[in-house]
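Okay, so the sequence shown: first residue is 1 according to the UniProt record's numbering, each after it adds one.
Think of the CB as a built atom: it goes at the ideal place given N, C-alpha and C, for glycine as much as any other residue.
The structure appears right after this line, and notes come after that.
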Amino acid sequence: MTRFILKSIIILILTNLSFTSMANDKILLIGDSLSAGYGLEQAQAWVHLLQNKYREDNKPVTIINTAISGQTTDNALLKIDAWLDAHQPSHVLIELGGNDGIRGFPVKLLQKHLTELVTKSQQYGAKVALMEIQIPPNLGQRYRKMFTDSYTKVTDQTGAHLMAYFMTDVAIDSSLMLNDNLHPNAKAQPIIRDFMYSEIDKWLQK
1 MTRFILKSII
11 ILILTNLSFT
21 SMANDKILLI
31 GDSLSAGYGL
41 EQAQAWVHLL
51 QNKYREDNKP
61 VTIINTAISG
71 QTTDNALLKI
81 DAWLDAHQPS
91 HVLIELGGND
101 GIRGFPVKLL
111 QKHLTELVTK
121 SQQYGAKVAL
131 MEIQIPPNLG
141 QRYRKMFTDS
151 YTKVTDQTGA
161 HLMAYFMTDV
171 AIDSSLMLND
181 NLHPNAKAQP
191 IIRDFMYSEI
201 DKWLQK
């Protein structure tokens, strides 16, 4: 009986240790205006709403939001080492490329920068997800396809997780967009929050 009780205690301790190691997920979000809450109060933005949902659901996931409006992949490369050192994330989510595409940056340069962002994060020891960004069709179908395909190429080469784009359904509904037709409005933020809750959960479970 004593041996059984001792074995049960050991199993319980190991289970708790396993849960603790899995539970403390710290996600560094590197993004642009779509994640920075452009045109909104921070309390309305999807990142803030998602963090609140994690608290409500008692999920120990912390999102460190370094998203900056107008940020490009080369801008982020100048800062990523400092962000990794300062925040020591277990995971890095990269939501970048939209500003590169709108400005017509060369696709090869986009791929180079994304690859460097992913590998720097992996070398630090973080698990990485790269969101597949899509750009408006007015930039030309050929460029648009090459641009979108870049995300699959980078994740195939680096082993990073390819995450679906949170704007795919939102961007085609004018009632969910600001007047600039580029940024989601306050009504869209809970939709994005729920989408990202599901997508991040899939990623964390991998």
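When you compare the CB positions of residue i and residue j, do they come within less than 8 Å of one another, or not?
i	j	result
L49	P136	no
G101	L139	yes
L117	L77	yes
M163	L130	yes
Q67	G39	The sequence shown places Ala at residue 67, not Gln. It is not a contact, given that the beta carbons lie outside the stated cut-off.
L29	I80	no
A36	P89	no
T158	Q134	no
A82	V128	no
In the structure shown, what three-state DSSP assignment does residue i receive?
i	result
N185	coil
A131	Per the sequence presented here, residue 131 reads as Met, with Ala not at that position. It is a strand residue.
M163	strand
E56	helix
E95	strand
residue 207	No answer is possible for residue 207: the residues shown for the chain start at 1 and end at 206.
V107	helix
H48	helix
V170	coil
N65	strand
Considering only residues of the same chain and omitting the five flanking positions on each side of residue i, which have a CB-CB separation below 6 Å?
i	result
F195	F166
H87	L28 and I64
L93	I27, L29 and A129
Excluding the 5 residues flanking residue i on each side, which residues of the same chain have their C-beta closer than 8 Å to its C-beta?
i	result
G70	D32, S33 and N99
L204	D25, V61 and H91
L176	V170, P184, N185, K187, A188 and I191
V107	Y143, M146, F147 and S150
Just confirm the distance between the C-beta atoms of residue i and residue j, as a whole number of angstroms; I'd bet it's less than 8 Å.
i	j	result
Y54	V47	Not really, about 11 Å apart at Cβ, beyond 8 Å.
L110	T73	6 Å
Leaving out the 5 sequence neighbours to the left and right, which residues in its chain are closer than 7 Å to residue i when beta-carbon positions are compared?
i	result
Y197	L50 and K53
With three or more beta-carbon pairs closer than 8 Å as the criterion, would you say the region 146-165 touches the region 175-192? no
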